[in-house]
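At the far end of the sequence shown sits residue 329, using UniProt numbering, and the numbering has no gaps.
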Amino acid sequence: MGQLAALNDQLSAAKGRLGDLDAVDQALSRAPETYLAQLQLPEDPHQQVLAAVAVGNPDTAANVSVTVPGVGSTLKGTLPGMVSEARNLRSEEIRQLNAAGKPASVATIAWMGYNPPRNPLDTGSAGDLWQTMTDEQARAGAADLSRYLQQVRANNPGGHLTVLGHSYGSLTASLALQDLNAHGAHPVNDVVFYGSPGLELYSPTQLGLDHGQAYVMQAPHDLITSLVAPVAPLHGWGPDPYLTPGLTELSSQAGFDPGGIWRDGVYAHGDYPRVFQDAAGQPQLRMSGYNLAAIAAGLPDNKVEAPLLPPILGGGMPAAPGPAPGGRH
Numbered sequence: 001m002g003q004l005a006a007l008n009d010q011l012s013a014a015k016g017r018l019g020d021l022d023a024v025d026q027a028l029s030r031a032p033e034t035y036l037a038q039l040q041l042p043e044d045p046h047q048q049v050l051a052a053v054a055v056g057n058p059d060t061a062a063n064v065s066v067t068v069p070g071v072g073s074t075l076k077g078t079l080p081g082m083v084s085e086a087r088n089l090r091s092e093e094i095r096q097l098n099a100a101g102k103p104a105s106v107a108t109i110a111w112m113g114y115n116p117p118r119n120p121l122d123t124g125s126a127g128d129l130w131q132t133m134t135d136e137q138a139r140a141g142a143a144d145l146s147r148y149l150q151q152v153r154a155n156n157p158g159g160h161l162t163v164l165g166h167s168y169g170s171l172t173a174s175l176a177l178q179d180l181n182a183h184g185a186h187p188v189n190d191v192v193f194y195g196s197p198g199l200e201l202y203s204p205t206q207l208g209l210d211h212g213q214a215y216v217m218q219a220p221h222d223l224i225t226s227l228v229a230p231v232a233p234l235h236g237w238g239p240d241p242y243l244t245p246g247l248t249e250l251s252s253q254a255g256f257d258p259g260g261i262w263r264d265g266v267y268a269h270g271d272y273p274r275v276f277q278d279a280a281g282q283p284q285l286r287m288s289g290y291n292l293a294a295i296a297a298g299l300p301d302n303k304v305e306a307p308l309l310p311p312i313l314g315g316g317m318p319a320a321p322g323p324a325p326g327g328r329h
């Protein structure tokens with residue numbers, strides 16, 4: 001019976017690994033011009049495969065971004081959707097670069113290169129809840145992310161490199177940049193932390209950005225930024241990231257972007273990179289996605305900063321109220 005149980009365990013692990021590789025294949029089909037940017041098969045077959053998929057060539061693009069996901073993210077459940085979001089982000093970057101009269105050379109990387117905590121709302125596990133309140137997996141992921149960012153920089157020495165960290169992934173990204181800086185490495189130009197529960201950061205100088213800027217983004221309806229971030233100091237995650245001096249806050253609110261295009265706002269923790277249907281029924285990035293694209297494209301003057309007093313209703317209206325004067329929606 002022991003041998004049979006062992007064989008069944010091996011079969012189960014093999015099926016899991018095949019499922020992971022199938023998810024990588026699905027992710028590569030989510031956009032044109034995709035590249036497998038990382039593939040790591042852990043020695044333990046029960047552990048998930050780690051991978052990254054780029055939309056656009058990260059070795060040659062003038063602007064490269066790396067998105068780091070948060071709690072509950074898995075290769076099978078998350079990577080294909082992240083690649084779709086990377087495709088949309090790249091399209092918006094190209095649009096903004098074309099409008100600015102600059103070369104539209106962009107690569108957006110969906111990085112599922114670490115194991116974030118499982119979502120306790122899905123598992124019902126007190127242990128998983130505890131993991132979301134510690135930085136153990138963020139620190140492990142930060143070591144992997146640090147190595148990956150150095151690899152991206154080595155392959156593209158002259159590119160503009162941006163890190164986009166969502167939720168627990170923002171903590172992972174912050175720790176990675178701080179570790180790189182502590183070792184005298186500065187591969188990253190800009191970083192955006194959005195939907196962040198905490199960064200273990202007291203000053204953006206700790207990030208060691210190369211002639212760049214650190215940004216944050218929140219939303220009134222995001223329970224992580226409204227309820228969890230304020231208590232970050234209580235469990236060692238530093239000050240509330242939205243009160244940390246030197247971090248520029250980008251808008252997630254509904255409104256017109258500088259080009260006169262209506263952008264919906266963020267209504268939930270996962271909305272930041274998602275599209276909405278505009279008045280013409282076309283998919284459009286929200287104000288949050290517009291801002292992510294502006295920073296990742298190296299066009300900081302395009303950014304829309306957060307209002308001093310965000311609207312109480314938060315996200316904004318679901319459809320445009322009408323075209324902006326001289327603009328379009």
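All C-beta atoms in this analysis are idealised placements derived from N, C-alpha and C, irrespective of residue type, glycine included.
task: Might you give, ordered along the chain, the residues of its own chain that have their beta carbon closer than 8 Å to the beta carbon of V275, omitting 5 neighbours on each side?
output: N88, P283, Q284, L285, R286 and G289
task: Count the CB pairs spanning the segment 195-211 and the segment 170-178 that are closer than 8 Å, and state whether there are at least three.
output: yes
message: Please state whether the Cβ-Cβ distance between M82 and T60 is less than 8 Å.
response: no
- prompt: Given a threshold of 16 other Cβ atoms within 10 Å of its Cβ, counted over all protein chains shown, does A104 qualify as buried or as exposed?
  reply: buried
- request: Would you mind reading off the limits of the alpha helix (DSSP H) that contains D144?
  value: E136 to N155
message: DSSP three-state label for W130, please.
response: helix
- request: For the beta strand (DSSP E) containing G165, list its first residue and its last residue.
  value: H160 to H166
message: Taking the beta carbon of S196 as the centre, do at least 16 other beta carbons fall within 10 Å, making it buried, or is it exposed?
response: buried
- request: Less than 8 Å between the CB atoms is what I'm expecting for P116 and V71, so what's the real figure, rounded?
  value: 5 Å
query: How big is the Cα-Cα spacing for I94 and V106?
result: 7 Å
message: With DSSP as the reference, identify every bridge partner of R263, one or two as the case may be.
response: G255
- request: Within its chain, find whatever has a CB closer than 8 Å to the CB of A5; leave out the 5 residues flanking it on each side and keep chain order.
  value: none
message: Would L171 and W130 qualify as a contact pair, given that the criterion is a beta-carbon distance under 8 Å?
response: no
field: Length of the line joining the Cα atoms of T248 and S12
entry: 47 Å
- prompt: Shortest alpha-carbon distance to M304 belongs to which of A296, P258 and H46?
  reply: A quick correction: the sequence has Val, not Met, at residue 304. Considering only alpha carbons, the answer is P258.
field: DSSP state of N189 mapped onto helix, strand, coil
entry: coil
query: Since Y272 and Y194 are thought to touch, with beta carbons under 8 Å apart, how far apart are those beta carbons, to the nearest angstrom?
result: 5 Å
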